[in-house]
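K.L.:
Structure incoming, see below.
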Amino acid sequence: MLRTTPTTRRWSAGLIAGLLLAGCQPGPASPTPATPSPTTPPAPPSPALVATAPGLTPPQRLRLLAGTITVAPADRTIDLPYTYLHTQSWTRATNVITRSDLQRWRRDADDSGREVTRRLPDVRGLAHRPTPDERRQFAAAGTKTTRYVSGELEPYLPEPLTTDIAELAGALAPRELAGEPAYPRMLVQGVVGVATSQYLNQEQRAAALGVLADVPAISYQGEQTDLAGRTGLGFTVSADNSQTQLIVHPRTGEILSAEERVHGAKAGLFSYVLILEHGHTGTDTATLGGRP
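With mature numbering (1 follows the signal peptide of the UniProt record, and there is no 0) as the guide, the letters of the sequence shown map in order to residues -29 to -1, 1 to 263.
What follows is the structure in structure tokens.
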């Protein structure tokens, strides 16, 4: 969009008076040119403002977001040996909902690592809706530590993760299934799976958003707030008798949370996951805040 700029300048009274006096004196008089004021280049619009502009389709919003996302703090620590992940999840298991708090350290060099899990009692029935109070209960739950030797803690996709949108989509869901009703759901589940398994840098996050932009029938829900109180951009995909909502960080493009509910005979919650922390650490005990 073109910017309008003033086409005239306002001269000071003193300068006008000087010019008039100069006209009364013998010989030509040349006034000193006014020195233009220094200008500061306008700051680029934030990704959130770009992606929430009116009149855009959901794919356009996602592509604009992908092209303007900023560096996340963990992008600068990729040289550290462990990928750290902290999630809280609610997952359907037959006729109950399991509730877990997971901290995972994966040593990138050999796929070894450690997990610390906290569990709350299962909730019977499928109509359950997670609450902030449940999140607070995890702090008092007992912990279980599991150690993994080399090769036992593999990432969702082989690394390095591709930044080509078409290649990433093909790795997340077979292209030959593109005409099937379940294909959009598979793509979304794949994006969530990779986001909750391995760290995506700025370029890889942009590619993941590009995959979402190509998901058929994706819709935009405006600003949404997840269970952890974080506000982001909400996108929903309805396919294969289910509905999945993703909340995306408005500046870095990180997936903050994902919730899937299914319809039909066993309608209700299928899964809900909060990605609370994701980055890199120097040991398999430190968190992103440096605390053991």
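Glycine is no exception: its CB is placed at the ideal position from the N, C-alpha and C atoms. Small disclaimer: the values here were computed from a predicted structure and weren't measured.
For chain E, is any of its Cβ atoms less than 7 angstroms away from the one on T196?
P.N.:
Note that chain E does not occur in the displayed structure, where there is just one protein chain.
K.L.:
Going along the chain, which residues of its own chain have a beta-carbon closer than 7 angstroms to the beta-carbon of R34, five neighbours each way excluded?
P.N.:
So the list reads G181, A184, once near-sequence residues are dropped.
K.L.:
Closer than 8 angstroms is the cut-off here; do at least three beta carbon pairs connect the region 137 to 148 with the region 92 to 106?
P.N.:
Contact fails: fewer than three Cβ-Cβ distances are below 8 angstroms.
K.L.:
If the criterion is Cβ atoms closer than 7 angstroms, does the pair T207 and T41 meet it?
P.N.:
Result no, Cβ atoms of T207 and T41 do not sit closer than 7 angstroms.
K.L.:
For Y119 versus S83, is the C-beta distance shorter than 7 angstroms?
P.N.:
Yes, these two residues count as a Cβ contact at 7 angstroms.
K.L.:
Quick check on S121: buried or exposed, where buried means 16 or more other Cβ atoms within 10 Å of its Cβ?
P.N.:
So S121 counts as exposed.
K.L.:
In its own chain, which residues sit with a C-beta less than 6 angstroms from the C-beta of G203, not counting the 5 before and 5 after it?
P.N.:
If we look at G203 and ignore the five residues flanking it on each side, its Cβ neighbours are I218, V219, H220, P221, L227.
K.L.:
Can you pull the DSSP bridge partners for E151?
P.N.:
Answer is none; E151 lacks a bridge partner.
K.L.:
Can you tell me whether DSSP reads L180 as helix, strand or coil?
P.N.:
L180: helix per DSSP, three-state reduction.
K.L.:
Let me check understanding here. Comparing Cα to Cα, which of P126, A238, V87 lies closest to F109?
P.N.:
It is V87.
K.L.:
Does DSSP put Q214 in a helix, in a strand, or in coil?
P.N.:
DSSP places Q214 in strand when its eight states are reduced to three.
K.L.:
For I189, I'd like the list of residues in its chain whose CB is within less than 8 angstroms of its CB, leaving aside the five on either flank, ordered along the chain.
P.N.:
Excluding residues within five positions, the ones whose Cβ falls inside 8 angstroms are P29, P30, L33, P155, L183, F206, T207, V208.
K.L.:
Of all the options R85, T133, A137, L139, which has the alpha carbon lying nearest to the alpha carbon of E123?
P.N.:
Checking every option, the nearest Cα to that of E123 belongs to R85.
K.L.:
Counting along the chain, where does the beta strand (DSSP E) carrying R32 start and finish?
P.N.:
Careful: R32 lies outside any beta strand (DSSP E), inside the alpha helix (DSSP H) at 29 to 39.
K.L.:
Sorted by chain position, which residues of the same chain lie with C-beta nearer than 7 angstroms to E174's C-beta, five sequence neighbours on each side aside?
P.N.:
Excluding residues within five positions, the ones whose Cβ falls inside 7 angstroms are T134.
K.L.:
Whole angstroms is fine: what's the gap from Y170's alpha carbon to R232's?
P.N.:
Y170 and R232: Cα-Cα distance of roughly 26 angstroms.
K.L.:
Once DSSP output is grouped into helix, strand and coil, what is the label at T(-23)?
P.N.:
In this prediction, T(-23) scores a pLDDT of 38, lower than 50, which makes its location untrustworthy; the coordinate-derived value is nonetheless stated afterwards. Three-state DSSP puts T(-23) in coil, outside helix and strand.
K.L.:
Nearest-angstrom Cα distance between R201 and Q195?
P.N.:
Going by the C-alpha atoms only, they are around 8 angstroms apart.
K.L.:
Count the other CB atoms within 10 Å of the CB of L(-10); is the residue buried (16 or more) or exposed (fewer)?
P.N.:
Only weak support exists for where L(-10) lies, its pLDDT of 32 falling under 50; the value from the coordinates is given anyway. Counting Cβ neighbours within 10 Å, L(-10) comes out exposed, since fewer than 16 surround it.
K.L.:
Do you know how far the Cα of T58 is from the Cα of R106?
P.N.:
Whole-angstrom Cα-Cα distance: 11 angstroms.
K.L.:
Quick one: is E147 buried, meaning 16 or more other Cβ sit within 10 Å of its Cβ, or exposed?
P.N.:
With fewer than 16 Cβ atoms within 10 Å of its Cβ, E147 is classed as exposed.
K.L.:
What residues in its chain sit with their C-beta under 8 angstroms from that of D93, if we drop five residues either side in the sequence?
P.N.:
A64, V67, I68, T69, R70.
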